[in-house]
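To start, the structure itself, in structure tokens.
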Amino acid sequence: MKDLYYLDYNATTPVDDRVLDDMLPYLKENFQNPSSSYASAMTIMQEVETARKSIASATGASSHDEIIFTGSATESINHAIRGTLKAYPKKNHIITSAVEHPAVLETCQDIKRDGYKLSVIDVNSKGELDIEELKAAVTPETAIISIMHANNETGVVFDIGKIAKSAKDINSNVVFHTDATQAFGKLPIKMNDGNFKYIDLLSMSGHKIYAPKGIGILYSRKGSRLRKFITGGHQEFNKRAGTTNVPFIIALAKAFELIGEDLQSGKSKKIAGLRDYLEAELKKRIPYMRINGEGAERLSNTSNMSFDCIEGESILFELDRNNICVSSGSACTSGSLEPSHVLRAMNVPLTSAHSSIRVSLGRFTKKDDVDHFISTLPGIVEALRNISPFWDRKNNKPDEKALKYVMP
Ligand code: PLP
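In the numbering used here, the protein residues as written are 7 to 414.
If you want it as structure tokens, here you go:
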């Protein structure tokens, strides 16, 4: 990544060289289908099961068959939600939150079109979940609750074990799923620890933890009733069909080993230090800047920032010209000009929501990358504000007419 200042680790991570080294033999000489019955294939199957066991141990699973390999977090989420509803045909209610990734929200909306009832729980202005609203929504008809562990846009972390426990205190039969795609590798997650025990199903993705794109996990606690989502062969204990993706499973096991080392070595504290430095330096240099989710517990690598009166997409364009990769907080990528549903749910004023960008740091981020960003961004914001009809150039503040663009 020469001369590329990559600050978009929540979008995807590069494959770690150590992960690549481990998986390459399974793309070359160890290519056999592990379900075949000759000795070389059976050896590979044993290696897949060793990988599964090491992931089970890293995640605190009570047994290796609680780990189901899938093609992505999106697939795991669909499996969890749709598979649970099929297993409980008499229940017709789902609960989720307003700030979920589209993998959850769009799945729930699709199911709603089939006649299910859907409750969407709000967050406050810091992005924290309203647990009382969640508790009030749980009924005997609720089949599944799906709430994320950490938000991909703002990095706001939900105390997911506590949330699961609160829901189960109301209805102990409800199935609780969490989308932990952004939390893995950044927060300690042990399914046999404390309130994590109240979580039945969990989804995650390899490409957020330095493994390749195209592999995910669905953790399914023993005893969870779940209908198969991808039907066909009997792979994955007859829970997910499709030829076993050996190289990516081997890669994922190595990726788990490395994130375990990162968490133990204090690497995430180093990343948190860089993120805090980045935010503090920008605040000194840019007026009318807001950190979305500030004050809430946040992932230590993520910063979602808004700069009043300009467009996030324009900021991205200018940053790209300076070889800096970050994400826009608006939903323009989905083809709409609506600001992000996450920022809307947090009641971020429209002028700020439209101008948000997400910076996310990771294992290979250097202080130089952050310094380049800090020295480049203020000039871009100033230049864009100078041509913005909502910016009062004379007084260097938002124009009066910008003030009416608050959230409805
Ligand atoms: N959930 C969250 C919170 C995410 O951030 C993402 C990806 O950005 C996904 C789900 C989807 O993951 P995948 O790309 O593995 O389908």
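Quick reminder that beta carbons are idealized off the backbone N, C-alpha and C, glycines included.
Consider the C-beta atom of H107 and the heavy atoms of the ligand PLP; say whether any pair is separated by less than 7 angstroms.
yes
Among I101, A109, G272 and K141, nearest to S125 - alpha-carbon criterion
I101
Near the ligand PLP: Q188 beta-carbon under 7 angstroms from a heavy atom:
yes
Alpha carbon to alpha carbon, how far is P345 from A359?
6 angstroms
Give the DSSP-derived three-state secondary structure of C331 in the structure shown.
strand
Across which residues does DSSP place D398 in a beta bridge pair?
K403
On the DSSP letters alone, give me the boundaries of the alpha helix (DSSP H) that M48 sits inside.
A45 to T65
Taking the beta strand (DSSP E) that V252 falls in, what are its first and last residues?
Run containing V252: none in the beta strand (DSSP E); it sits in the alpha helix (DSSP H), V252 to S271.
Is the Cβ-Cβ distance between T19 and G368 less than 8 angstroms?
yes
What are the start and end residues of the alpha helix (DSSP H) that includes M29?
D23 to M29
Is N310 helix, strand or coil by DSSP?
DSSP, read as helix, strand or coil, puts N310 in strand.
E138, buried or exposed, once every other Cβ within 10 Å from all chains shown has been counted against 16
Under this definition E138 is an exposed residue.
Just list the residues that DSSP pairs A156 with in beta bridges.
V163
Under a Cβ-count criterion, where at least 16 other Cβ atoms within 10 Å of its own Cβ denotes burial, should H183 be classed as buried or exposed?
buried
Closer than 8 angstroms is the cut-off here; do at least three beta carbon pairs connect the segment 225-234 with the segment 109-123?
no
Taking all protein chains shown into account, do 16 or more other C-beta atoms lie within 10 angstroms of the C-beta of Y44, making it buried, or fewer, making it exposed?
Burial call: exposed.
What do you get for F202, buried or exposed, if any count of 16 or more other CB atoms within 10 angstroms of its CB means buried?
buried
May I ask you to report which of helix, strand or coil DSSP gives A408?
A408 falls in the helix class under three-state DSSP.
Just reading off the beta strand (DSSP E) that K123 is part of, what are its end residues?
K123 -> beta strand (DSSP E) spans K123 to I127.
Beta carbon of F33, beta carbon of P253: below 8 angstroms?
The residue asked about is misnamed: residue 33 is Leu in this sequence, not Phe. Their beta carbons are under 8 angstroms apart, which means L33 touches P253 by this criterion.
In or out: K118 buried (at least 16 other Cβ within 10 Å) or exposed?
Answer is exposed; the Cβ neighbour count stays below 16.
Have a look at E303, R391 and N251 and flag the residue whose alpha-carbon is nearest the alpha-carbon of E317.
R391
According to DSSP, which residues form a beta bridge with M295?
DSSP, once it has assigned bridges, lists F313 as partnering M295.
Assign H240 to buried or exposed, taking buried as 16 or more other Cβ atoms, counted over all protein chains shown, within 10 Å of its Cβ.
exposed
From this set, K92, A247 and L258, which residue's C-alpha is nearest E53's C-alpha?
L258
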